[in-house]
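**Q**
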Amino acid sequence: MTLRPRSTCLAVSLVLFADAAVAASAAGPPPALVCDASTALTPIGIDTSAGSVLLSLPPLAGGEHGWVVELNAGGAEAAAYPDTWRGRQGGSVGPGPVAAAMPCGETCLQPVRWNAGVWEPLGEPLAVPGVMTAGATYDLTGSPWLVIHGKAAGEGLIKAWGYRLEGHQWKRKGSLDVTAVGDLPAVPAPQRKDGVISGTGLFAGSGPAETWVRGLPDLPAKRRGQLIALGGGGAAYLSADGVVYLSPDSGKSWRRSTWTPWGAGTTGIWRQGSDYWVDLPMGDRRGPLQLAWFDRRVPNEEKIVLTRLSPAGDWIALAEARSEIHTKNDDRLQVSHVLAPEADTWVLLSGCAGSAGGSGLVLRVFAHGALSEARFVPIRTKEAAAGKVP
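Just so we're aligned: 255 in this note's numbering is position 42 of the sequence shown, and the numbers increase by one with no gaps anywhere.
1) Check whether the stretch 314-326 and the stretch 269-281 are in contact - that is, three or more C-beta pairs closer than 8 Å.
2) From what residue to what residue does the beta strand (DSSP E) around Pro295 run?
3) From what residue to what residue does the beta strand (DSSP E) around Glu555 run?
4) With distance defined between alpha-carbon atoms, name the residue in Trp383, Gly343, Asp390 nearest to Glu368.
5) For Thr255, is the classification buried or exposed, using 16 other Cβ atoms within 10 angstroms of its Cβ as the cut-off for buried?
6) What are the uninterrupted segments assigned as alpha helix (DSSP H) that are 4 or more residues long and contained completely in the stretch 317-358, given in chain order?
7) Does the beta-carbon of Ala587 have 16 or more other beta-carbons within 10 angstroms, so that it is buried, or is it exposed?
8) Closer than 8 Å is the cut-off here; do at least three beta carbon pairs connect the stretch 414-433 with the stretch 488-503?
9) Roughly how many angstroms separate the alpha carbons of Arg385 and Ala399, rounded to a whole number?
10) Does the stretch 550-564 come close enough to the stretch 494-503 to have 3 or more Cβ pairs within less than 8 Å?
11) In angstroms with no decimal places, state the Cα-to-Cα distance between Val578 and Glu533.
12) At which residues does the beta strand (DSSP E) containing Cys565 begin and terminate?
13) Measure the alpha-carbon distance for Leu576 versus Val456 and round it to whole angstroms.
14) Taking the CB atoms as reference points, tell me whether Ala402 and Ala442 lie closer together than 8 Å.
15) Evaluate contact between the stretch 351-366 and the stretch 291-302, counting only Cβ atoms and requiring at least three cross-stretch pairs below 8 Å.
16) Compare the beta carbon distance of Leu502 and Leu522 with 8 Å and say whether it is the shorter of the two.
17) Using a Cβ-Cβ cut-off of 6 Å (strictly less than) and excluding sequence neighbours within five positions of Leu353, which residues of its own chain qualify?
18) With a threshold of 8 Å between beta-carbons, can Pro334 be considered close to chain B, or not?
19) With a 10 Å radius around its C-beta and 16 neighbouring C-beta atoms as the bar for buried, classify Gly567 as buried or exposed.
20) If we ignore side chains and look at the alpha-carbon of each, how far apart do Ser470 and Trp528 end up?
21) Around the C-beta of Arg668, are 16 or more other C-beta atoms found within 10 angstroms, so that it is buried, or is it exposed?
22) Among Ser411, Gly287, Asp508, which residue has its Cα nearest to the Cα of Val518?
23) Looking only at its own chain, which residues have a Cβ that is under 6 Å from the Cβ of Ala373, when we skip the five neighbours before and after it?
24) So within the stretch 253-277, which uninterrupted beta strand (DSSP E) runs reach at least 3 residues, ignoring any that extend past its ends?
25) By how many angstroms is the C-alpha of Leu322 removed from the C-alpha of Tyr351?
26) Express the C-alpha separation of Ser585 and Leu339 in angstroms, rounding to a whole number.
27) Compare the Cα-Cα distances from Glu379 to each of Gln547, Ala312, Pro357 and report the closest residue.
28) Could you spell out the range, first to last residue, of the beta strand (DSSP E) harbouring Asp462?
29) Below 8 Å between beta carbons: does that hold for Gln439 and Gly395?
30) Ala236 to Leu562, Cα distance in whole Å?
31) Under the three-state reduction of DSSP, which class applies to Gly445: helix, strand or coil?
32) Check whether the Cβ atoms of Leu574 and Ala291 lie closer than 8 Å to each other.
33) From which residue to which residue does the beta strand (DSSP E) around Ser452 run?
34) Whole angstroms is fine: what's the gap from Ile592's alpha carbon to Leu429's?
35) On the CB-based measure, 16 or more other CB atoms within 10 Å of its CB, does Asp454 come out buried or exposed?
36) In terms of residues, what are the limits of the beta strand (DSSP E) holding Pro421?
As C-alpha cells, this is what we get:
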C-alpha cells in the first residue's frame, strides 16, 4: 500500500489560552473553575448523529461534586452540569443521545439517557446477572440497545446478552459467547441496519444472535486485542501491542499490515509500543477504518499522524502535528483522547486548562481536510433542566 498525503497542518506550540478565556467571558458571566491541567478527563459517550461528546470530570480539591461536560459538534462550545450520580456504566457511542446504565439493586440495571443536563430513565429496569458489565449503543435505525457481559465457561470468552428497547420494554435478542470485545463494548453493526456488534457477536432486532466472523488472527493470549467490523464484509483486528490485521472476507483470511506513516514495510526497524504506537479513535466507526499514530522516534518531539484506510486498501495520511501543546501558563498538555464524534471529523483532546476567566478544554479539530490550531473552549456551568435522576 502507498502513502497518499492529503493535508498536513502543524499546530502552534504556544496558545494564548488566558486571553481567549477573558475575551469569551466578556459576553457573559465568567466560566467557573471546574478543572485544571491536572484534572483527568474521561469520555462517557458520543452521540454520532449530533456530533456531541459527553465527558466526566472529577471534583477539584475541596469540590462537592464532579461534572458532566457536554462538548458540542465541532468542538466550539462546552457546558458543565453537576454530576451527582456515581456508578453509571456503558456510555453509548452511536446515532442517538448518550445512553448508559445505572445500578438499581444487586441484579438490576436502570438504562438512562442524557437529556439537557440530567440522566432520564430509558425504558423499564432490567434484571441482569449478578456479576456483569453493560455496554449501551444504538443500531442504525436509532433504536437503543444494551449488551450485558458476564462470565463464560471457555477461556478468553465472554457471555453476552443483547437487549433492544421496543416501546418501553427491553426485549432480549439472544445470547452468545463472544471474544475480541474492544474498548467500545457495543457498536452499531454496518452489515445489519437493526443490529449491533459486541466483539465477534452480532445481535439483531429481526433475527437470531450469531457470530459474524469466520475466524481471528492466530495470536498468543497476551497479544489478543479487539475486532472492528468494516463495511462490505471487511474486518480489522487491532492487537494488544498495536499491530493491525485486515480481512476482506469477514475473517476467513487475515493479513498483517506493514504500513507506517513514514514508509511501507518498515515496521521492523522501529520498536512498536515504544518508538510508536497506534490508537483507535473513540467514536463513529460506520465509515473506513481510522487510526491515530503516535510517533516518538525523535526524542522530545512526539508527533501524531491521523490516517484512514481507503476503500481500495491504501492508507491515507490526513494530517500531522506535534502532540504536545504549551499553554501561556507553561502547562505542557499531551493528547489524552482521540475522538471521532461524526463522519470525517476528529477531535484531539489535550485535557483542561485553567485561566483568569475560568476553565476550558484544550483541543484541536480535524474537519474539511485540515487540522485546526489548538483552541481553548471555555466551560460554562449550567443548571440541569427539570428532570429526575432515577
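Don't be surprised by glycine CBs; every beta carbon is placed ideally from N, CA and C.
For clarity, every value in this text was computed on a predicted model and none was experimentally measured.
**A** By the coordinates alone:
1) no
2) Start and end: 291-296.
3) 550-555
4) Nearest of Trp383, Gly343, Asp390 to Glu368, Cα basis: Asp390.
5) Around the beta carbon of Thr255, a 10 Å sphere encloses fewer than 16 other beta carbons of the protein chains shown; the residue is thus reported as exposed.
6) With a minimum length of 4 residues, there is no unbroken run of alpha helix (DSSP H) contained wholly in the stretch 317-358.
7) buried
8) no
9) 15 Å
10) The stretch 550-564 vs the stretch 494-503: in contact.
11) Take the alpha-carbon of Val578 and the one of Glu533: they are about 12 Å apart.
12) 558-568
13) When rounded, the distance between both Cα atoms is 27 Å.
14) yes
15) no
16) yes
17) Pro401, Lys406
18) Reference to chain B is not applicable here, since this structure consists of a single protein chain.
19) buried
20) C-alpha separation (whole angstroms): 10 Å.
21) Shown here, the chain extends from 214 to 603; a query on residue 668 therefore has no answer.
22) Asp508
23) Val360, His362, Leu389, Val391, Ser411, Gly414
24) 255-260, 265-270
25) 18 Å
26) Going from the Cα of Leu339 to the Cα of Ser585 covers about 44 Å.
27) Looking from the CA of Glu379, the closest CA among Gln547, Ala312, Pro357 belongs to Pro357.
28) Counting along the chain, Asp462 falls outside any beta strand (DSSP E), and DSSP gives it neither H nor E.
29) yes
30) For Ala236, the pLDDT reaches just 42, beneath the cut-off of 50, and the residue's location in the model is therefore unreliable, although a value from the coordinates is still provided. C-alpha separation (whole angstroms): 22 Å.
31) helix
32) yes
33) From DSSP, Ser452 is part of no beta strand (DSSP E); its letter is neither H nor E.
34) 43 Å
35) exposed
36) 420-424
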